[in-house]
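Residue numbers (the working numbering), protein chains in the order written: chain A, 254 to 833; chain B, 2 to 171.
Ideal placement from N, C-alpha and C gives every residue a C-beta, glycine not left out.
Everything on this sheet refers to the single structure shown next.
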Amino acid sequence: MTLKEFSTDMNAKALEKIKAAFPDTTCTTVLDSVVVDVQPENLESTLSRLKNDPAFNCGLLLDVTGIDYLDYPTPQKFRFHVVYTLRNWQDNLLVQVRTAVPDPQAGIATATHLWASANWGEREVYDQYGIRFNGHPDLRRILNHWQFEGHPLRKDYPIEKGQICYETDRLENEIRARLFENGIDETTMKDINTEIMFLNIGPSHPATHGAIRILTALDGETILANVNEIGYLHRGFEKTAENRTYNQIVPLTDRLNYCSSMINNIAYAKAVEAWLGVTITERAQFMRVLLTEFYRVLDHLVCLAAALVDMGGLTNYWYLYNEKEAAYDLISRLTGARLTSSFTRIGGMYRDFYEGWEKDLELQLRGIEKGIGDALKLVETNRIVHDRTQGVCVISAETALSYGFTGPVLRASGVPYDMRKDAPYYNYEALDFEVPVGTNGDIYDRFMIRFYEMAQSIRIIRQAMQHIPQGPINVKDSQVCLPPKDQVYNNIEGLANHFKLIFEGVKVPAGEWYDAYEAANGELGFHFVSDGSGQPYKLKVRPPCFYTMGGFHKMVEGNMIADAVINLSCINIIGGELDR
Amino acid sequence: MALGLEASLGNTVLTTKLDAVINWGRQYSLWPFIFGTACCAIEFMSAAASQHDISRFGAEVVRFSPRQADLLLVCGTISYKQAPILKRIYEQMPLPKWVVAMGACASSGGIYDNYCTVQGIDTIIPVDLYISGCPPRPEAVLDALIKIQEQIRGESILIDRHNDFKGILD
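In C-alpha cells form, the structure reads like this:
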C-alpha cells in the first residue's frame with residue numbers, strides 16, 4: 254500500500270468512526286481532515302468527546318477561526334461560523350469541528366476548559382469577528398488595540414479604515430487576576446513585607462526581539478505572575494490576503510516568519526495546491542524539501558545566535574550569525590533577494606537551481622557545520638550555560654500540548670510530534686533522519702534540540718542533493734502555471750493565458766480546507782475559504798509561535814526575571830508570525 | 002603654519018567654529034537606538050554583524066535605552082498599536098536626535114495598506130532620512146548612516162530642528 258492510499262484508507266476509517274460516534278452530525282472528509290458540522294448547542298459535547306474519548310484522543314487544539322459569509326456567493330443560513338481544528342498526532346487524525354453562530358453577540362460555548370490554547374484562539378476570533386464565547390475567562394482583544402472599535406475581519410469592515418491608538422493598555426486588572434489565580438490575594442499584596450513590584454519588559458526592549466509586552470509581578474526577582482500582550486506587529490495579513498490573488502499572497506507569506514521566509518512560501522503553495530489537486534513535479538518536491546531544511550537551519554541559527562547573546566555569550570553570535578550571513582550569497586544568487594525570497598509559485602517554483610548550486614550548497618553546509626561546532630564547543634559543556642538553563646522554565650508535555658505547542662518547543666518537552674514523520678509529504682518518509690526529543694522541557698532542552706535539528710536537517714539536505722531528479726519545476730497546467738515566455742511573446746493564446754492568470758489569479762474551486770506544514774517553529778497551517786475566484790475569500794494562518802506565546806506564563810512563573818528573558822529567546826518568537 | 006589670530010597665540014591653540022567641532026564629534030559617535038519590530042531588524046542584525054560591521058562608521062554602540070541614544074533607527078512596520086510607544090521612545094531621547102525610517106513599512110506603510118498599519122512613521126514623529134527596500138540591504142543602512150553624518154556636518158548646533166512638528170498623536 255502506498256502512503257497516499259494508506260492515508261486515504263486512514264481517512265475513511267476515521268470518518269466511519271466519527272460518523273458512528275456522532276450520528277446527528279454531518280461528517281465529510283476534506284483532504285486529510287474530517288470535518289464535523291455540529292449545531293451550536295452540541296459544540297461543547299462534541300469537542301469534549303473528541304478530546305476525552307480514547308478512540309479520538311485529540312490532544313491538540315491547533316486553531317480556532319471564524320468565518321464571515323456576508324459576501325459569499327452561496328448564501329448561508331447564518332452569517333458567522335466558527336471552526337475548531339483538532340489533531341490527534343499519534344494516529345495522524347485531523348478533525349475540524351464547524352458550527353454556525355446564530356447570534357455573535359449571544360455567542361457560543363467556550364472550549365477553554367478543554368484546551369488551554371482555546372484561550373488565545375477564541376480571543377482572536379472575538380477580536381477579529383466579534384463572536385462571543387460564553388464562559389471564556391478573559392475575552393478581550395488580542396491583536397488589535399483596546400481603543401479599536403468594530404471587528405476588522407468582518408466583511409463589512411473597510412480594509413483601509415485605520416483607528417488611532419492614543420494610549421497603551423494598562424493590563425492592571427489582568428495581572429491582578431493572574432496574581433489572584435496564583436494564590437496571591439489583596440491582603441498579601443498589601444502586606445508591607447511582600448512588596449510586589451510590577452515590571453514591564455517591552456514592547457520595546459532588547460530582550461523581546463521585536464515587539465511583545467511581558468508584564469510581570471515580581472517578588473524580589475522571582476516572577477509571581479505574568480501577563481503578555483501581543484499584537485504590536487499585527488499587519489493585517491488575513492484581511493490583505495482577501496484582496497490579493499493566490500500568487501500575490503506569496504510575498505505576504507515571506508513576512509510571516511521572516512527568519513525562514515521560504516518555508517512559509519512553500520507551506521502556503523502546498524496548501525493551495527492540495528485543494529487544486531495539483532501534484533508538483535518530482536524535482537520541485539525535492540527543491541522544496543531541500544530549501545525547507547536549509548531554511549530550518551538558518552532559522553535555528555538566528556534563534557540560537559540571539560538567544561546566546563541574551564545569555565551573555567556574544568561570541569556565539571559571530572560564529573552562528575556569520576554563517577547565516579554567508580548563506581545569503583547562495584540565496585541571493587538563487588532567488589534575487591536576501592531575506593524575503595518569494596520563491597514559490599502555485600504549481601512549482603519561481604525558477605530552477607542555477608548551474609553549480611551543489612558546490613555552493615555543500616560549501617555552505619560545511620561552513621554551517623563548522624559554525625555550529627565552534628558554538629557548541631563554547632556552550633555544550635559550559636557550566637554557566639548549564640546552570641542557567643537546566644531545570645529552568647520547565648513545561649510538562651501535558652501542559653505544552655494543552656497550550657497547542659508544536660515544533661521544537663513541544664519536542665523539547667518530550668512529545669515526538671513532527672509532521673515530517675507523523676503526517677509526511679514530499680517524500681519525507683523515504684528520507685533517513687531522526688527527530689530529536691527532549692526529556693525535561695527546560696530551556697536547555699529547547700536550546701539543544703535546535704542544535705540537533707540542524708544536524709538532522711543537514712543530513713536531509715545531503716540526501717536530497719543526491720537524489721534530486723532532473724526535469725521541469727512547474728506543472729504543465731495552463732490553469733495554474735504561467736506559460737513559458739516565448740509563448741507569451743509569440744502567440745496570442747500564450748499571451749491571453751498569461752494575462753488571465755496574472756489579472757484574475759489561479760481559479761481555485763469553491764470550498765474550505767486546512768493544510769499544514771512542519772515549519773521551523775512548528776505546525777504552520779493555512780485555513781482557506783474559497784468562493785471559486787482567483788482570490789481567497791478567507792485565509793487564516795495557524796502560526797506556531799502564537800500558541801507557544803500563549804503558554805509563556807506557564808513557563809516563567811516561579812522562575813527569575815532573567816530566566817524569562819532567555820526563555821523568550823529560546824522559544825523563538827517571531828513577530829511577523831505571532832501577530833500576522 | 003597659522004594665520005591671523007592663531008599666529009599670535011603660538012602653536013598650542015587652534016581656532017575653529019563651534020558648529021564644526023561639535024558636529025565633528027556628533028557625527029562620528031552616533032549611538033543608535035534600534036526600534037526593531039519586523040523583518041528590517043534582521044537586516045539590521047546583518048549590518049551590525051562582522052561582514053558589514055557598522056562600527057567602521059562609529060555607530061556600533063547600540064543602545065536600548067532611549068536616554069542614551071541620539072539616532073533612532075525604526076526598523077520595521079509600525080502598527081497603530083505600536084504608535085504611542087514609538088512616540089514616547091522618541092520623546093525620551095535627549096536632543097539633538099535624528100530619525101531614520103528603515104524600509105518600506107516605516108517609510109510609507111509598504112505593502113500593508115490596511116486598517117492596522119501606520120502609513121509611514123512621519124505621521125507620528127519627524128523623520129530625517131528614509132531607506133527604501135523591503136527589507137533594505139545592510140549596505141543601505143550604512144549608506145543612510147553616512148548621509149546622516151553629512152547632514153549633521155551641515156547643521157547648526159544653535160537651531161533645534163522639528164520644533165513645529167505635529168503628528169497624528171499630538
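Note down, in chain order, every chain B residue with its Cβ under 8 angstroms from the Cβ of A:T593.
-> Residue numbering aside, residue 593 of chain A sits at position 340 when the first sequence is read from its first letter. What A:T593 touches in chain B: C40, C135, P136.
7 angstroms Cβ shell around A:D290 - same chain, five flanking residues per side excluded | The residue you call residue 290 of chain A lines up with position 37 of the first sequence. Correct list, in chain order: T278, T279, R351.
Residues of its chain near A:N479, where Cβ-Cβ distance is below 6 angstroms and the 5 sequence neighbours each way are ignored | Within the first sequence, numbered from 1, the residue matching residue 479 of chain A stands at position 226. Here the set comprises T469, H806, V809, E810.
On the three-state DSSP scale, how would you describe A:K623?
-> Here residue 623 of chain A corresponds to residue number 370 of the first sequence, with the count starting at 1. Residue state, collapsed to three classes: helix.
What residues in its chain sit with their C-beta under 6 angstroms from that of A:G775, if we drop five residues either side in the sequence?
-> Counting from one through the first sequence, the residue named residue 775 of chain A turns up at place 522. Excluding positions up to five away in sequence, the list reads T659, G660, P797.
Would you kindly check if the distance between the Cβ of A:R699 and the Cβ of A:C823 is under 7 angstroms?
-> Counting from 1 along the first sequence, the entry for residue 823 of chain A is found at position 570. Counting from 1 along the first sequence, the entry for residue 699 of chain A is found at position 446. Closer than 7 angstroms, so yes.
Over the uninterrupted beta strand (DSSP E) stretch that includes A:W766, give me the two end residues.
-> By 1-based counting over the first sequence, the position of residue 766 of chain A is 513. For A:W766, the uninterrupted beta strand (DSSP E) segment begins and ends at 764-772.
Does any residue of chain A bring its CB to less than 7 angstroms from the CB of B:T124?
-> By one-based count along the second sequence, residue 124 of chain B stands at place 123. B:T124 does not count as touching chain A.
Which value, in whole angstroms, describes the spacing of the CA atoms of B:E61 and B:Q52?
-> Numbered from 1 along the second sequence, position 60 holds the residue referred to as residue 61 of chain B. Numbered from 1 along the second sequence, position 51 holds the residue referred to as residue 52 of chain B. B:E61 and B:Q52: Cα-Cα distance of roughly 13 angstroms.
Where A:E776 falls: helix, strand or coil (DSSP) = Along the first sequence, one-based indexing puts residue 776 of chain A at 523. A:E776 falls in the strand class under three-state DSSP.
Within 10 angstroms of its Cβ, does A:A308 collect 16 or more other Cβ (buried), or is it exposed?
-> By 1-based counting over the first sequence, the position of residue 308 of chain A is 55. It counts as exposed.
Would you mind listing the beta strand (DSSP E) stretches within the region 59-121 of chain B that are 3+ residues and don't spill past its ends, in chain order?
-> 72-76, 99-103
Boundaries (first-last residue) of the beta strand (DSSP E) holding A:Y790 = The residue given as residue 790 of chain A occupies position 537 in the first sequence. Looking at the DSSP string, the run of the beta strand (DSSP E) that includes A:Y790 is 789-795.
When Cβ atoms are compared, which residues of the region 569-597 of chain A fall closer than 7 angstroms to chain B?
-> W571, Y574, N575, E578, R591, L592, T593
Residues within the region 360-393 of chain A neighbouring chain B, beta-carbon criterion of under 7 angstroms | none
Counting along the chain, where does the alpha helix (DSSP H) carrying A:Y742 start and finish?
-> Translated into the one-based positions of the first sequence, residue 742 of chain A becomes position 489. That run of the alpha helix (DSSP H) goes 738-743.
What in chain A is Cβ-close to B:Y91, meaning under 8 angstroms?
-> Counting from 1 along the second sequence, the entry for residue 91 of chain B is found at position 90. Per Cβ cutoff of 8 angstroms: no residues; B:Y91 is ~11 angstroms from chain A at best.
What's the C-alpha gap between A:K304 and A:I384?
-> Along the first sequence, one-based indexing puts residue 304 of chain A at 51. Along the first sequence, one-based indexing puts residue 384 of chain A at 131. One C-alpha to the other measures close to 23 angstroms.
Chain A within 7 angstroms of B:P85, Cβ atoms only | Residue 85 of chain B sits at position 84 when you count from the first residue of the second sequence. Cβ-Cβ to chain A under 7 angstroms: yes for B:P85.
Contact with chain B by A:H720, beta-carbon distance below 7 angstroms = Numbered from 1 along the first sequence, position 467 holds the residue referred to as residue 720 of chain A. A:H720 does not count as touching chain B.
Can you list the residues of chain B that A:S457 reaches, using a CB-CB cut of under 7 angstroms?
-> To locate residue 457 of chain A, count along the first sequence from 1; it is residue 204. In chain order: F36, I86, I90.
Could you spell out the range, first to last residue, of the beta strand (DSSP E) harbouring A:Y337?
-> The count along the first sequence starts at 1 and reaches residue 337 of chain A at position 84. For A:Y337, the uninterrupted beta strand (DSSP E) segment begins and ends at 333-341.
Using a Cβ-Cβ cut-off of 7 angstroms, state whether A:M254 counts as contacting chain B.
-> Working through the first sequence from its first residue, we reach residue 254 of chain A at position 1. Caution applies to A:M254, whose pLDDT of 43 falls short of 50 and renders its modelled position unreliable; the model cannot decide the point.
Going by DSSP, what residues sit across from A:S783 in a beta bridge?
-> Position 530 of the first sequence, counted from the start, is the residue given in the question as residue 783 of chain A. Its beta-bridge partners are A:G764, A:P789.
Contact list for A:H398 against chain B, beta-carbon separation under 7 angstroms | Numbered from its first residue, the first sequence carries residue 398 of chain A at position 145. Under the 7 angstroms cutoff, chain B gives Y81, K82.
In chain order, which continuous runs of the alpha helix (DSSP H) of length 4 or greater are located wholly inside the region 648-697 of chain A?
-> 650-655, 660-665, 672-675
Chain A beta carbons: is any one of them nearer than 7 angstroms to that of B:S109?
-> To locate residue 109 of chain B, count along the second sequence from 1; it is residue 108. With 7 angstroms as the cut-off, B:S109 does not count as an interface residue toward chain A.
Using a threshold of 7 angstroms, state whether the C-beta atoms of A:V354 and A:Y337 are closer than that.
-> Locating residue 354 of chain A in the first sequence gives position 101, where the first residue counts as 1. Locating residue 337 of chain A in the first sequence gives position 84, where the first residue counts as 1. For the pair A:V354 and A:Y337, the CB atoms are not nearer than the 7 angstroms cut-off.
Proximal residues of chain B, C-beta to C-beta of A:T421 below 7 angstroms | Numbered from its first residue, the first sequence carries residue 421 of chain A at position 168. The answer, in chain order, is P85, I86.
Anything in the region 49-69 of chain B with a Cβ closer than 7 angstroms to a Cβ of chain A? List those residues in chain order, please.
-> Within the region 49-69 of chain B, the residues whose Cβ lies closer than 7 angstroms to some Cβ of chain A are A50, S51, Q52, F65, listed in chain order.
Neighbour-count burial assignment, A:D285, 16 or more Cβ in a 10 Å radius = Mapped onto the first sequence, residue 285 of chain A falls at position 32. With 16 or more other Cβ atoms within 10 Å, it is buried.
At which residues does the beta strand (DSSP E) containing A:S286 begin and terminate?
-> Translated into positions along the first sequence, residue 286 of chain A becomes position 33. Where A:S286 is concerned, the enclosing beta strand (DSSP E) stretches over 286-291.
Would you please verify whether the beta carbon of B:C76 is less than 7 angstroms from any beta carbon of chain A?
-> In the second sequence, the residue the question calls residue 76 of chain B occupies position 75. B:C76 does not count as touching chain A.
A:L347 lies in the beta strand (DSSP E); which residues open and close that run?
-> Locating residue 347 of chain A in the first sequence gives position 94, counting from the first residue. Element bounds for A:L347: 346-354.
Please indicate yes or no: does the CB of A:I361 lie closer than 6 angstroms to some heavy atom of the ligand NAP?
-> As far as ligands go, the structure on display features none, and thus does not contain the ligand NAP.
So, A:A665 versus A:G644, is the Cβ gap smaller than 7 angstroms?
-> Looking up residue 665 of chain A in the first sequence gives position 412. Looking up residue 644 of chain A in the first sequence gives position 391. Contact check for A:A665 against A:G644 fails: the beta carbons are separated by 7 angstroms or more.
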